[in-house]
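K.L.:
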Amino acid sequence: MKRKPQVCLEIEPDLVAAATGDAEPGAVGRVEHHIDSCGACRGEFHRYREIDGVVGALRRAPAAAESVARAREGLDSRLADLRSRLVSYRVFPSPLGHILIARSEHGVSLVEYLHRGTDLRTSRLHRIAGVELQEDGAEIETFYLELLEYLRGDRTRLEWPLDLRLARSDFHRAVLRATAAIPYGALTSYAGIAAEIGKPAATRAVAQALRWNPLPIVVPCHRIIGTSGALTGYSGDKIGLKQQLLAVEGIQAIGTRSDSRVARNTLYHYDRNDQHEYCLPTCGDIARRPIGPVTLLASRELAGALGLVPCTNCRPDLHPLAA
Amino acid sequence: MMGAQPFETIMGAHHAEIYRYLQRVTSRAMEAEDLSQETFLRAYRAYRTLGPDANVRAWLFAIATNLSRNHFRSEKRRRVAHQAVSVENREADLEGPEDEARFGEARALLETTVQGLPFKQRLAFIMRKIHDLDYEAIGRSLDCSPESARAHVFQALRKIRLGLNGRELPPAGGVERRASPASPTERRGAGAPPSETSRLSMERPR
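Top to bottom, those sequences are chains D and G.
The end of the first sequence is residue 323 by this note's numbering, with every number in the run present.
The end of the second sequence is residue 206 by this note's numbering, with every number in the run present.
Written out as C-alpha cells, the structure is:
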C-alpha cells in the first residue's frame, strides 16, 4: 500500500472535520485548497460526507417512546423514595456546645446536642433506619444563623418548616405540636401539655415524649416544667442547658443543680379565667396552684401579646415585678 | 446555591435525551434505564450545590458518562454489550422499500462499528455527533482537554471510515434530502456539509 504524502496526513483531521460539519475556523479554506489539487483526498472528503449523512440518519432515528416513558416512570418513583429518605445535616459550634441541625425535604427534622464535640458517632442520625445522609453546604446555615440570634436574645421566634417524622409515634407528634405552641417567655407543665392534647392522665408519657424531642430549642420543651416549678430534666441530664435557654427568655432558675426550680415570685401568673386576667404571684394563693392550669409569664408585654389584661385585684399594671 | 429551576423541570427537559444517550452507550434498554435513573438521582443529590449559571445539560451528560464509565470498567461486560447490539442490529431496519433497506443497513452497520470503538472514542463520538455537545463539555465528561475530545472524535471517524471500507453508502445528498426541516446540521455552523448542488463548495448552506 502506498504511503500517504505528509501534506495529506497533516490535513487529515481538518479534512474529516470539514467533511463532517465540524471544522474549526480557518480549516475549511485549507481543506478546500488541498482537495482542489489532490484527487485522493477529494475522494476521502466525499466518503466522509457520505458517512456524515449516515450519522445524521442515526441521530434522527426516533427513540422508542415506550422505553423512555418506562424509564421515566421508574425514575419518578425512585426519586420520590430518595426524597423521603434524604437527610442533609451540618454540625455547628454554639454557646450550648456543638449542635447538629438536619433537614429533609419537608423541613428541619433534627436538632441535636452532640456529646463529644463534632463526633457524629453518637448522633441519633446513625440510629435512624433507612435514611441517606448528606452533609449540606449553605442551606442549613440559614437555620444556624437564626439559632445564634435566638441564643443571643436577638430573635424570639424560629419559624422553621418542621418535619416531625423522627418523633416515635403520633402521640409524640401531638406532644411536640402542643409544645411548639408555647410562646417565648411562657412556661407550662407536662401535666398542662397532657391536658392540652386531651390526655390528662398521660403526664409521664408526655415527659417521655419530650425526653426524645428530636427538635429541642425550636420545639421549646425547655418551657415545660414540673407542676411545682421544678425544672425536672432536659435532654437526658442537661439541666444546665435548660437553665441557659430559660435565662435567654428572662426566666431565672434557683436552687441546686439536682433541685433546680423556676423562681415563681419573679413571674406573672395566668390561671385560665373568662376575664383573661393575669396576676402577680402574690395574688391570693395563685403561686401555690399547680403549673399547667397556671401558665407562668416572663413579662407584661408577653401577657399583652397573648391578649391578657391585668388583674383588677392585684394590679400587675401598677405594680410590675422587678425586671 | 440552589439551581435556578425546580428539579422536575430539569428532568422534563433532559431525561429523554440522557436516556437515549445511555441507550447508545450501553446498547441495552435495561442498563440505560438503570443508569439514566442513577444519573438523575445523583444529580438530585448534588443539584442544590450547582451554581445558577451552570450548564445543566453538559453537567448531566458528565454524570451519565461517569456512571457508564464505571459501569463498563469491566471489559467483560463491555464485550457482552457489544455482542448484544450486533444481534439487535441485524434484525432491525430491514423492511420497507429498497432504498429504505439500504439506508437502514448502512445505519445498522454504522451502529455496529460505533459499538466496536474504544470506549472513550465511542463516548466522544456519540456526544458530539448524536447529541451535538461542544468539545468543552465533552472534555469535562471524559476528564480531558477539549483538544483531546476533538482528537477522540477524529479517531472515531477514521475507524468508522475503515470499518465501512468497501461498503456502498447512500450518497450524502440523498441522505440530506431525507432530513427533516430542522436538520441538526444547520445548527453546527462553519463547515456544515455542502449541499448536493455545490459538490465541493464548503460554504454554509444558504
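Note that beta-carbon positions come from the ideal geometry of N, C-alpha and C, so glycine has one too.
#1: Could you list which residues in chain G have their beta carbon closer than 7 Å to that of residue 134 (chain D), in chain order?
#2: Any Cβ of chain D within less than 8 Å of the Cβ of residue 72 (chain G)?
#3: Just to confirm the assignment, what range does the beta strand (DSSP E) spanning residue 186 (chain D) have?
#4: Any beta-carbon of chain G closer than 8 Å to the one on residue 51 (chain D)?
#5: Roughly how many whole angstroms lie between the Cα atoms of residue 104 (chain D) and residue 241 (chain D)?
#6: Could you give the distance in angstroms between the alpha-carbon of residue 32 (chain G) and the alpha-carbon of residue 72 (chain G)?
#7: Are the CB atoms of residue 278 (chain D) and residue 303 (chain D) within a distance shorter than 8 Å?
#8: Report yes or no: is there a C-beta of chain G within less than 8 Å of the C-beta of residue 74 (chain D)?
#9: Quick check on this structure: which residue in D:306, D:238 and D:311 has the alpha carbon closest to the alpha carbon of residue 283 (chain D)?
#10: At what residue ranges does the stretch 68-135 of chain D contain a whole run of the beta strand (DSSP E), taking only runs of 3 or more?
#11: Does DSSP classify residue 24 (chain D) as helix, strand or coil?
#12: Would you mind reading off the limits of the alpha helix (DSSP H) that contains residue 15 (chain G)?
#13: Given a limit of 7 Å on CB to CB distance, which residues of the stretch 112-125 of chain G reach chain D?
#14: Report yes or no: is there a C-beta of chain G within less than 8 Å of the C-beta of residue 67 (chain D)?
#15: For residue 393 (chain D), report the span of its alpha helix (DSSP H) as first-last.
#16: From the DSSP output, in three-state form, read off residue 288 (chain D) for me.
#17: Three or more beta-carbon pairs under 8 Å between the stretch 165-173 of chain G and the stretch 104-114 of chain G, yes or no?
#18: Any Cβ of chain G within less than 8 Å of the Cβ of residue 48 (chain D)?
#19: Output the distance between the C-alpha atoms of residue 321 (chain D) and residue 247 (chain D), rounded to the nearest integer angstrom.
#20: I want to see whether chain G comes within less than 8 Å of residue 79 (chain D), judged by CB atoms only; does it?
#21: For the candidate residues G:163, G:60, G:59 and G:120, whose alpha-carbon lies nearest to that of residue 150 (chain G)?
#22: From residue 164 (chain D) to residue 249 (chain D), what does the alpha carbon distance come to, in whole angstroms?
#23: Relative to the C-alpha of residue 188 (chain D), which residue among D:315, D:129, D:294 and D:63 is closest?
#24: Buried or exposed: which applies to residue 347 (chain D), given that a residue is buried once 16 or more other Cβ atoms fall within 10 Å of its Cβ?
#25: Quick test of the definition: if touching needs 3 or more C-beta pairs under 8 Å, does the stretch 52-72 of chain G touch the stretch 141-150 of chain G?
#26: One question on the structure: do residue 245 (chain D) and residue 291 (chain D) come within less than 8 Å of each other, judged by their Cβ atoms?
#27: Starting from the N-terminal side, write out each stretch of the alpha helix (DSSP H) that is 4 residues or longer and does not extend beyond the stretch 248-318 of chain D.
#28: Please list the partners that residue 20 (chain D) has in chain G, where partner means a Cβ-to-Cβ separation under 7 Å.
#29: Could you tell me which chain G residues have their CB closer than 9 Å to the CB of residue 145 (chain D), listed as they occur along the chain?
#30: Name the chain G residues that come within less than 7 Å of residue 139 (chain D), Cβ to Cβ?
#31: Looking at the C-beta of residue 60 (chain G), does it have a partner C-beta in chain D at a distance below 8 Å?
#32: Confirm, please, whether the CB-CB distance from residue 261 (chain D) to residue 230 (chain D) is below 8 Å.
#33: Using a Cβ cut-off of 8 Å (strictly closer), state whether residue 200 (chain D) contacts chain A.
#34: What is the DSSP secondary structure of residue 162 (chain D), reduced to helix, strand or coil?
#35: Would you tell me roughly how many angstroms separate the C-alpha atoms of residue 8 (chain D) and residue 74 (chain D), rounded to the nearest one?
#36: Are the Cβ atoms of residue 28 (chain G) and residue 130 (chain G) separated by less than 8 Å?
P.N.:
From the atom records:
#1: The sequence position of residue 134 (chain D) within the first sequence is 134, counting from 1. Correct list: 45.
#2: On the second sequence, residue 72 (chain G) is found 72 positions in, with the first residue counted as 1. For residue 72 (chain G), the answer is no, since every Cβ of chain D falls outside 8 Å of its Cβ.
#3: By one-based count along the first sequence, residue 186 (chain D) stands at place 186. Segment 186-189, the beta strand (DSSP E) holding residue 186 (chain D).
#4: As a position in the first sequence, residue 51 (chain D) is number 51, starting the count at 1. By this cut-off, residue 51 (chain D) is an interface position.
#5: Taking the first residue of the first sequence as position 1, residue 104 (chain D) is located at position 104. Taking the first residue of the first sequence as position 1, residue 241 (chain D) is located at position 241. Each residue's Cα considered, the two are about 26 Å apart.
#6: Residue 32 (chain G) sits at position 32 when you count from the first residue of the second sequence. Residue 72 (chain G) sits at position 72 when you count from the first residue of the second sequence. Answer to the nearest angstrom: the Cα atoms are 12 Å apart.
#7: Along the first sequence, read from residue 1 onward, the residue named residue 303 (chain D) stands at position 303. Along the first sequence, read from residue 1 onward, the residue named residue 278 (chain D) stands at position 278. Yes, they are a contact pair.
#8: Within the first sequence, numbered from 1, the residue matching residue 74 (chain D) stands at position 74. Yes, contact with chain G.
#9: Within the first sequence, numbered from 1, the residue matching residue 283 (chain D) stands at position 283. The candidate whose alpha carbon is nearest that of residue 283 (chain D) is D:311.
#10: 86-92, 99-103, 108-113 and 132-135
#11: By 1-based counting over the first sequence, the position of residue 24 (chain D) is 24. Coil.
#12: For the purposes of this step, residue 15 (chain G) is taken as the residue at position 15 of the second sequence. Unbroken alpha helix (DSSP H) run through residue 15 (chain G): 7-26.
#13: none
#14: Looking up residue 67 (chain D) in the first sequence gives position 67. So, interface residue.
#15: Lying before the first or after the last residue shown, residue 393 (chain D) is absent from chain D, which here runs from 1 to 323.
#16: Here residue 288 (chain D) refers to the residue found at position 288 of the first sequence. Helix, per DSSP.
#17: yes
#18: The residue given as residue 48 (chain D) occupies position 48 in the first sequence. Closer than 8 Å: yes.
#19: Against the first sequence, residue 321 (chain D) aligns to sequence position 321. Against the first sequence, residue 247 (chain D) aligns to sequence position 247. About 16 Å.
#20: In the first sequence, residue 79 (chain D) corresponds to position 79, counting from 1. Interface residue, yes.
#21: Position 150 of the second sequence, counting from 1, holds the residue named residue 150 (chain G). Out of G:163, G:60, G:59 and G:120, G:120 has the C-alpha closest to the C-alpha of residue 150 (chain G).
#22: Taking the first sequence and counting its residues from 1, the one referred to as residue 164 (chain D) is at position 164. Taking the first sequence and counting its residues from 1, the one referred to as residue 249 (chain D) is at position 249. The straight-line gap from Cα to Cα measures roughly 25 Å.
#23: Residue numbering aside, residue 188 (chain D) sits at position 188 when the first sequence is read from its first letter. It is D:294 whose Cα lies nearest to the Cα of residue 188 (chain D).
#24: In this structure chain D extends from 1 to 323, so residue 347 (chain D) is not present and cannot be described.
#25: yes
#26: The residue you call residue 245 (chain D) lines up with position 245 of the first sequence. The residue you call residue 291 (chain D) lines up with position 291 of the first sequence. It is not a contact, given that the beta carbons lie outside the stated cut-off.
#27: 300-305
#28: Reading the first sequence from its first residue, position 20 is the one you call residue 20 (chain D). Ordered by position in chain G, the residues that pass the 7 Å Cβ test against residue 20 (chain D) are 157.
#29: Position 145 of the first sequence, counted from the first residue, corresponds to residue 145 (chain D). By Cβ distance, chain G contributes nothing, its closest Cβ being about 16 Å from residue 145 (chain D), past 9 Å.
#30: Stepping through the first sequence from its first residue, residue 139 (chain D) is reached at position 139. Those within 7 Å of residue 139 (chain D) in chain G are 48.
#31: As a position in the second sequence, residue 60 (chain G) is number 60, starting the count at 1. Not an interface residue.
#32: Looking up residue 230 (chain D) in the first sequence gives position 230. Looking up residue 261 (chain D) in the first sequence gives position 261. The answer is yes: Cβ separation under 8 Å.
#33: Here the protein chains are D and G, and chain A is not one of them.
#34: Within the first sequence, residue 162 (chain D) is the residue found at index 162, counting from 1. DSSP places residue 162 (chain D) in strand when its eight states are reduced to three.
#35: Walking along the first sequence from the start, residue 8 (chain D) turns up at place 8. Walking along the first sequence from the start, residue 74 (chain D) turns up at place 74. Rounded to whole angstroms, residue 8 (chain D) to residue 74 (chain D) spans 51 Å at the Cα level.
#36: By one-based count along the second sequence, residue 28 (chain G) stands at place 28. By one-based count along the second sequence, residue 130 (chain G) stands at place 130. Against a cut-off of 8 Å, the Cβ pair of residue 130 (chain G) and residue 28 (chain G) comes out as no contact.
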